[in-house]
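For the sequence shown, this note's numbering begins at 2 and goes up steadily by one.
Every residue gets a Cβ at the ideal spot worked out from N, C-alpha and C, and that includes glycine.
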Amino acid sequence: MAVTISAIYRYPVKGLSPEPLQRVALAPGRCLPQDRRFAIALPSTKFDPERPEWLSKTHFVMLMRDEKLAELQTRFDDRTSELTVERGGKTLLRESLSEAEGRRRAGAFFDQFLAGEVAGPLRVVEAPGHAFADARRKPNATADQYVSLINLASIAALEQSLGAPVAPLRFRANVYFDGMPAWSELDWLEREIRLGGARLRVISPITRCAATQVNPATAERDLDIVGGLQRGFGHNLMGIYAEVIEGGEIAKGDELIPLARPGAT
Numbered sequence: 002m003a004v005t006i007s008a009i010y011r012y013p014v015k016g017l018s019p020e021p022l023q024r025v026a027l028a029p030g031r032c033l034p035q036d037r038r039f040a041i042a043l044p045s046t047k048f049d050p051e052r053p054e055w056l057s058k059t060h061f062v063m064l065m066r067d068e069k070l071a072e073l074q075t076r077f078d079d080r081t082s083e084l085t086v087e088r089g090g091k092t093l094l095r096e097s098l099s100e101a102e103g104r105r106r107a108g109a110f111f112d113q114f115l116a117g118e119v120a121g122p123l124r125v126v127e128a129p130g131h132a133f134a135d136a137r138r139k140p141n142a143t144a145d146q147y148v149s150l151i152n153l154a155s156i157a158a159l160e161q162s163l164g165a166p167v168a169p170l171r172f173r174a175n176v177y178f179d180g181m182p183a184w185s186e187l188d189w190l191e192r193e194i195r196l197g198g199a200r201l202r203v204i205s206p207i208t209r210c211a212a213t214q215v216n217p218a219t220a221e222r223d224l225d226i227v228g229g230l231q232r233g234f235g236h237n238l239m240g241i242y243a244e245v246i247e248g249g250e251i252a253k254g255d256e257l258i259p260l261a262r263p264g265a266t
């Protein structure tokens, strides 16, 4: 049975809606284009767009703490850099995040939306070429931007263990694939994979946090995912990070092929 890409997602603003993609071009050492390009910074966050550095998710508005964000439906227009925010079919915000005034108004909107839960003033931040990823640079990597991948069979195994459905988007991965046994991806550390027209190297498993408790459809904390992983499988891992070492296009339906380990005969 072929291992194939089931879905591709990007997350233009950290903590906000996933956006499905039919296909995307990957570049060496980079994450998906526009993935986590923007973040909503807390007042105490010191971020210099001239000298961007990795900061943990706790410096920003995030689902792990601010589950109300899941009530919003957002989309980002690459051409205009315009962010549209909706709730229940009603448009609440439409601003260009490439303009300082648009970012200011967007920050003011989130101030109001999260009033009483998050202290303001909040601000939308970005830096050219920077991604607000959860993973800091791994010691075995050659870059600091990665693609996250999840095996749908591992989610199915977790569902069986929990006795409840688990929406894959709780894990906010870039690529979801099917056709491999559950948890086999955790054995791919340091191994290369062919993904569509690109080649990647697996860097690390992904450790999960309380953000996965939040149901992306209801914004309620309704499942103890981390506890379920620990009880059922003795770890809190779901998915893998991989760095792009040879660029190329990937698309839904493309094959994922684990390659031989370096030095294997």
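In this structure residue 82 is buried. Its beta-carbon is surrounded by 16 or more other beta-carbon atoms within 10 angstroms. Our two residues, residue 85 and residue 93, have alpha carbons roughly 8 Å apart in a direct line.
Take the alpha-carbon of residue 253 and the one of residue 196: they are about 11 Å apart. According to the DSSP assignment, residue 161 belongs to the alpha helix (DSSP H) that extends over 153-163. Taking each of 206, 74 and 256 in turn and checking the Cα distance to residue 185, the smallest one comes out for 206.
The beta carbons of residue 152 and residue 11 sit about 19 Å from each other, so the pair does not count as a contact at 8 Å.
Within the same chain, 5, 6, 196, 197 and 198 come within 8 Å of residue 255 by CB-CB distance, once the 5 residues on both sides are set aside.
Taking a cut-off of 8 Å on C-beta distances, the stretch 60-77 touches the stretch 111-120, as three or more cross pairs fall below it.
Residue 240 sits in a strand when the DSSP states are folded into three classes.
In the three-state reduction of the DSSP assignment, residue 233 falls in the helix class, which pools H, G and I.
In this structure, the CA atom of residue 179 is about 9 Å from the CA atom of residue 155.
Taking residue 29 as reference, the option from 212, 142, 49 and 102 with the minimal CA-CA separation is 142.
Residue 63 counts as buried, since no fewer than 16 other beta carbons sit within 10 angstroms of its beta carbon. According to DSSP, residue 85 shares a beta bridge with 76 and 95.
Secondary structure at residue 56: coil, using DSSP grouped into helix, strand and coil.
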